[in-house]
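> As numbered in the numbering used here, residues 7 to 293 make up the sequence shown, in order. Every residue gets a Cβ at the ideal spot worked out from N, C-alpha and C, and that includes glycine.
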Amino acid sequence: MSVPFLPRCRRLLAPCLALLLAWALPAQARELAVPPEAMVEVEVATVGMSGMAGVPVVLLREPGAREVIPIFIGVAEARAILRALTGERPPRPLTHELLGDVLAGAEVALTRVYVDALTESTFLGMLELSVPGRDAPLRIDSRPSDAIALALTAGASIHVAPEVLEAARQIEYQGFDDQVVVALGITVTPLDDDLREALGLPDRAGVLVSDVSGEAAEAGLEPGDLLLAVNGETPENPLHFLELVRDTPAGELARLRVWQRGEIVEVELSTEVPAPTPRRRAPGLEA
């Protein structure tokens, strides 16, 4: 057989699914509650817990770094978001990974996701897809937690209505000191003695840079760097790093000091939300 079975199936499935999305899907169940241009683009920082009910929340960082906003999500979606933030994938794809693979296989691009309304304590979301053969984007009603998990994997931007941001500010939450956190396009994780020794890092306080994208990558930051300070203060853990970024004075750049291959490097980064990029898989987890 000249063409392997599975790749041939994917090649046959892709145009069929694209055609289905372009022509056969019924009209969306609802319209966006807010025009896209009125929404605020945000960056997914990490996952935490609501203070009172103990329900998982995803923490979203607003541009300018002044606020971190919690949105209620489910346990499965919290796990999917954490997998995306760390670049991990299970040996076989779970629901969110599978849907992302199906869209990619059909050459359908997830370009944006929206959290556009809050109705009776329920957040509403929507996917925006670019479908071959269709001029206008296709929007599909979605739970925000599913949409955000897919957006991280696909590299889609995330946009939230101002009214939703304002309402979500009233939600009390707590983060986890040992959790992976993303801000400014920099992913940081806790650093223990074993990891410090394995990476040859100095005995200095800080957090480990595990991934970089956008402006941070262009500035020369790399995975394996030791982040020593943000605006002159040492981050005690990943959540503290997020707080220091958030407390950057309005209109100013965040000043970072980093240990990189035996040298101290200082960079300044904008606190605006960086352009999204697809999350890479951690090595060794390919099916």
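Report the rounded CA-to-CA distance for residue 248 versus residue 101, giving the unit in angstroms.
29 Å
> When you compare the CB of residue 281 with every CB in chain B, is at least one pair closer than 8 Å?
The structure shown has no chain B; it contains just one protein chain.
> Buried or exposed: residue 127, going by 16 or more other Cβ atoms within 10 Å of its Cβ?
Residue environment analysis places residue 127 among the exposed positions, since fewer than 16 neighbouring C-beta atoms fall within 10 angstroms of its C-beta.
> Is DSSP giving residue 159 helix, strand or coil here?
helix
> Go ahead and label residue 172 buried or exposed: buried means 16 or more other beta carbons lie within 10 angstroms of its beta carbon, across all protein chains shown.
exposed
> Quick one: what's residue 52 bridged to in DSSP?
65.
> Could you tell me the alpha carbon to alpha carbon distance between residue 36 and residue 144, rounded to whole angstroms?
12 Å
> May I ask which residues mark the beginning and end of the beta strand (DSSP E) holding residue 137?
Boundaries for residue 137: no beta strand (DSSP E) harbours it, and the DSSP string shows neither H nor E there.
> In terms of DSSP beta bridges, what is residue 217 paired with?
193
> What's the C-alpha gap between residue 30 and residue 75?
Confidence in residue 30 is poor, its pLDDT being 42 and thus under 50, which makes the residue's placement too unreliable to answer from.
> Threshold first: 3 residues or longer. Then list the beta strand (DSSP E) segments lying entirely within the region 211-255, N to C.
213-218 and 232-236
> Which residues in the same chain have their Cβ closer than 6 Å to the Cβ of residue 274, if we skip the five residues on either side of it in sequence?
259 and 261
> Could I get the ranges of all uninterrupted alpha helix (DSSP H) runs contained in the region 73-117, with 4 residues as the minimum, in chain order?
81-92 and 101-111
> Count the C-beta pairs between the region 85-92 and the region 116-134 that are closer than 8 Å, then say yes if the count reaches three, no if not.
no
> Would you be able to state if there are at least three C-beta pairs under 8 Å between the region 236-256 and the region 174-193?
Yes: the two stretches touch, three or more of their Cβ pairs being nearer than 8 Å.
> Cα separation between residue 240 and residue 115?
40 Å
> Tell me, to the nearest whole angstrom, how far the beta carbon of residue 212 is from that of residue 232; I am working on the premise that it is less than 8 Å.
That belief holds up - the Cβ atoms of residue 212 and residue 232 are roughly 5 Å apart, short of 8 Å.
> Roughly how many whole angstroms lie between the Cα atoms of residue 138 and residue 163?
20 Å
> Considering only their Cβ atoms, is the gap separating residue 219 from residue 194 smaller than 8 Å?
no
> In the DSSP assignment, find the unbroken beta strand (DSSP E) run with residue 202 in it and report its ends.
No beta strand (DSSP E) holds residue 202; the alpha helix (DSSP H) holding it covers 199-205.
> Am I right that residue 226 and residue 271 are in contact with their C-beta atoms under 8 Å? What's the rounded C-beta distance?
The Cβ separation is near 7 Å, so the contact holds.
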